[in-house]
Structure formats: C-alpha cells, structure tokens
Amino acid sequence: MSDESVHVAMFPSAGMGHLTPFLRLASLLLTHHCKVTLITPLPTVSHAESQLLSHFHSSFPQLNLIPFHLPPPPSPPISGDPFFLRVQTLRNSTHLLPPLISSLSPPLSLFISDIFLVTPCLSITQKLSLPNYTLFTSSASMFSFFSHFPTLAQSKFDLSDEIHIPGIPFSPLPCSSIPPILLHPSVFRNIIMEDSPNLTKLDGVFLNTFEALESHSLKALSDGKVVKDMPPVYAVGPFVPFKFEAEASPSSSPLLINWLDEQPIGSVVYVCFGSRTALGRDQMREIGNGLMTSGYNFLWVVKDKIVDKEDEEIGLDEVLGVELVERMKKKGLVIKEWVDQSEILSHKSVGGFVSHCGWNSIAEAALNGVPILAWPQHGDQKINAGLVEVSGWGIWNKSWGWGGERVVQGEEIGDAIKEIMENELLKVKAMELKEGGKKAISVGGDCEVTIQKLILKWKNDV
Ligand code: UDP
Ligand code: UDP
Ligand code: UDP
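Each residue of the sequence shown is one higher than the one before, counting from 93 in my numbering.
See the structure below:
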C-alpha cells in the first residue's frame, strides 16, 4: 500500500557520521511509504558525502532531494575544523528554510533536524506549527549526557571529581570522559548549552540504538529520570546499511573482499577510526608495530587528514615509512581510501574491531557481533567506549587517554588486540547483542512497530 499522505523533511548537518544515519533513517521511512524530502547542504564537506548522496539517490529515485546552497562560512573562521565550521554556517542559515518548506507539496507532516541544529530549526518550525523531531547521531548514553550537560555545567564540578549522569549505566564517570571540547569555552559548548534546554520542545527524538544494547538509558530517558518532560525517545536501530553503500566504496573493494574470503573465520582484526579522525604519524607507526606483534592478520584503514579530499595525494609510504609498509604486506592489507565498513564488519573472517567508538561504527559492530578494542579519540567517544565496556563485548584501556595525549606503544596495542581476538566471553556477549539487534529490526520487531505507530500518528495529526 502506497501511503504518501505522510511527508517528512530531513535536514542533516555535516560529515559521514551524520549523513549516514540520516540516509539510513530516510530509507526506513521510504520503505514504509512515506514521502521523504532531504534538504541537502551543498557543497558537501567531504568527497565521501557527495558519493553517498549520489548512490543513495540512484537507489531511491523517489527521494525528493532539495539542494540547500550555503552562504560562505563566517569570517574569521570560528573553528579550524571544517565540519564544525559547516555546522555553524548551517545554524546561521536556517532563515533560508521557510520559503523552501512552504514550496513543498504535499505540505510537510514533520521535520527531522540534525542534533547540532536543534534551536535554529525549532525557531522556524514553531512559527509554522510543524512538528519537529531530531535524529541524535550518537548513543542513548551520550544523549543522556547531552541532555544533562547544562545542569552539570552549573554545578561547577571539579576535574578530579567523578560525575553522576542520570541515564548512563556506568555512572558515575570520571571527568576525563567528558568531551574535552566541552571543558572550556568553545563553539560546541555554546551549542550544547543553547540546544540542550530546548530538547523538551521537540516532538520526539530518534536514536540509532536498541533495547538489548541500551535498555538502561532508554528507560531512564522515557521515565523522565534524565530530564523532566523529555519528549518521546524512539529507538529505531540498529540502522541497516543498504546495498548501495557497497557500490559507493572504491575500486579496491573486490580485492579487499577476495582477500577476506581467503582468511580463516574470525581470524582478521579490522582497524578503522571513522570518517574524520586522522591520527598522528608516530601513533600510526606504533599501530603498525602493534598489528605485527599481535600475530593476527589485519585489515587497516589509514587516514592522514581530517577531510578526505586532502588525503588523496599522500601515499602510504610517506605516512608509515617504506620499511613498515613492506613488513606489513606479509600479514595484512593496509588501505588508505574509503572502504565499505559494513561489508567488512559483516564478513565471517573478521573477528575483532579496533575502533575509535564513533557511534555509527559501534552500532554496525553490534549488528554484526564483532568484539571491540575501544580506543576513543575525541568528543562522545569515551562515553560510547564506556558503554561497550559495561556491555561486556569489548575492552577499553583507559590509560591510553584521548587521541594525541600520548603515543601508545606497539607492544600495548598488540597485547590488547590479542585479548579481543582470544577472549571467549567478549565473543559470547557480542553474539548476544547481534541477536538482540537482529530481533529489533526483524519483521514485527521494535523498529517496525515504532515506525508504524508513528506513521499512524502522523496521519491522524494532519
Ligand atoms: N566508514 C566507512 N568507510 C571508511 C570510514 C568510515 O564506511 O573508510 C563509515 C562507518 O561505517 C560509519 C561512518 O563512516 O558508518 C563513520 O561514522 P562514526 O560515527 O563511526 O564515526 P565518525 O566518522 O563520525 O567519527
Ligand atoms: N573533534 C572531532 N569530533 C569531536 C570532538 C573533537 O572530530 O566530537 C576533533 C576536532 O577536529 C577538534 C579536535 O578533535 O578540533 C580537538 O578536539 P578536543 O575535543 O580535544 O577539543 P579541545 O579540547 O582540544 O579543543
Ligand atoms: N560532541 C562534542 N564535541 C564535539 C563534537 C561532538 O561533545 O566537538 C558531542 C556532541 O554532544 C554530539 C556527540 O558528541 O551530540 C556526537 O557527536 P558526533 O559523533 O555526532 O560528532 P562527530 O564526531 O561525528 O563530528
């Protein structure tokens, strides 16, 4: 039954960590016969984003993709990070939305904005009496933190304290787990301080998570234990990657998959720090040494620059040194370009994942039952690492600190890799989560039930 009486507009911010979950939610809504308009900020910051958009649109031609052409960023730049700069430009540009929204047909039923755009979007949607939801792109634990942060900031905590955050299953947590960028005046701190108190004005919050992974946080959020008057929180994960994402990966893909096909089941350690985290070269060389000492075969995705367009010209030899590159050829594959991570994580040869704990990566690993060596680098990642640890399907060595705090030595890395590849308890727990994730997205599972109920509500609200 085609049902286009529900028309959803979606407005993502910047980076693959945000665009990917937006498109995965969009595909879920399209599959349930909603009309979806994607308001698409252009030009994209990274090459990977424009590739993904183009593949998505070819696979879902019914998607109404509306370009959102941006004015130049504020001058002087308020951040050296091009993704954060984009968030700020988007926040300053929402006055361009009303004519665009009123030109859409049929009229919108609801608007789903990125978590980094909450207040500026609400100021528009409230005037139009348009229901406004957000997609939070991290864990329910991190959402609890995000919601509670203004209260925490007022409490003038001491950095040596442990902090209590309602909704986080491993609370109290050390102050060292707070995203460093929130510990001093910064653009991001201003955003969270402005947006967090406005969460209660939203109609609902979508999360890429599921009961078996985050029941504690989901219950606390729904019971008003984190913030009173919290709008409904909808766990519609783990988001399912679509086939077109494999097409968006580079020409090396067949080589890579052929190589994985040749390896014994569960024997390969996969290393990737997401779409926008470049490690220091000293640290990368130690990772190379660590992989070699672990004795395991490996697939390692190397990133030398935050934005992929700048990464293209620099070769592996320059980043890692010729000698290490040669040595590693005997034990693994080292790739310095975009890979299809979901395809890799779902491959039977992969037995462990060294991850920065970006939430999309963690949700993908959960869906595939892959044990994690958590190595958080910045932002929300220590909170996600805490969740992996407490859930029992990964390990996190806290002495490694944030990215760049110290150079973690190859021997330590090799030992930690051995542990995730050999610890049977981690494997059992990871398989349990996989089962829970599969159940959540099965026919008649939590995800489908939630989306169907929402569609009914949206139709009745028109
Ligand atoms: N990813 C990928 N190939 C790469 C690097 C990253 O497919 O070479 C994907 C990964 O599967 C995930 C997203 O990019 O869906 C990264 O999001 P995450 O939240 O894990 O980290 P971020 O990049 O935002 O730090
Ligand atoms: N960063 C990021 N994602 C985050 C937080 C930080 O990519 O969620 C990157 C970003 O490039 C930022 C840098 O890491 O400029 C340093 O971040 P950190 O949180 O350490 O901020 P600091 O306290 O050093 O300002
Ligand atoms: N976040 C933060 N500092 C940053 C960037 C992000 O504290 O500099 C927090 C923010 O509260 C956000 C959460 O991390 O809701 C998730 O960040 P995300 O992984 O989406 O950011 P990314 O690393 O992809 O830019």
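Every residue, glycine too, gets a C-beta built ideally from N, C-alpha and C.
- In terms of side-chain proximity, the C-beta atom of E456 is found nearer than 7 Å to a non-hydrogen atom of ligand 1.
- Comparing C-alpha distances from D206 to each of F262, H149, S268 and L294 shows the shortest one belongs to L294.
- Counting only runs of 4 or more residues that sit fully inside the region 464–537, the alpha helix (DSSP H) segments are 473–483, 502–514 and 516–532, in chain order.
- Excluding its 5 nearest sequence neighbours in each direction, D287 has C-beta neighbours in its own chain below 6 Å: V210 and T211, listed in chain order.
- Note on geometry: alpha-carbon atoms of Y225 and V500 lie some 41 Å from one another.
- Exclusion of the five residues before and after I454 leaves N476 as the residues of its chain whose Cβ lies within less than 6 Å of its Cβ.
- A heavy atom of ligand 1 is found nearer than 7 Å to the CB of S434.
- Bounds of the alpha helix (DSSP H) holding A118 are M108 to T123.
- Judged by DSSP in its simplified three-state form, F445 adopts strand.
- The shortest CA-to-CA distance from A532 to any of K127, R281, K510 and T301 is the one to T301.
- E254 sits in a strand when the DSSP states are folded into three classes.
- Boundaries of the beta strand (DSSP E) around L299: G296 to L299.
- Listed in chain order, the non-local C-beta contacts of W492 below 8 Å within the same chain comprise W467, R498, V500 and E504, local neighbours out to five positions each way being set aside.
- Around S483, the same chain offers L305, K521 and L525 as residues with beta carbons nearer than 8 Å, after the five sequence neighbours per side are excluded.
- With respect to G502, E415 sits apart: the two C-beta atoms are not nearer than 8 Å.
- The DSSP-derived three-state label of T211 is helix.
- A contact is defined here as three or more CB-CB pairs under 8 Å, and the region 314–333 fails this definition with respect to the region 386–405.
- Residue burial is scored here from C-beta neighbours: K219 has fewer than 16 other C-beta atoms within 10 angstroms and is therefore classed as exposed.
- Annotation: Q469 to T369 spans about 8 Å, alpha carbon to alpha carbon.
- In this structure, the C-beta of G109 approaches ligand 1 to less than 7 Å from one of its heavy atoms.
- Counting along the chain, the unbroken alpha helix (DSSP H) around V414 starts and ends at V414 to M420.
- Looking at the backbone, the Cα of A118 and that of S195 are separated by about 20 Å.
- Excluding the 5 residues flanking it on each side, F390 has same chain C-beta neighbours closer than 7 Å at V360, V361, V363, L383, K423 and G424, in chain order.
- With a cut-off of 7 Å, the C-beta of C364 is classified as near ligand 1, since at least one heavy atom of the ligand falls inside that distance.
- Distances taken from the Cβ of W488 to the heavy atoms of ligand 1 include none shorter than 7 Å.
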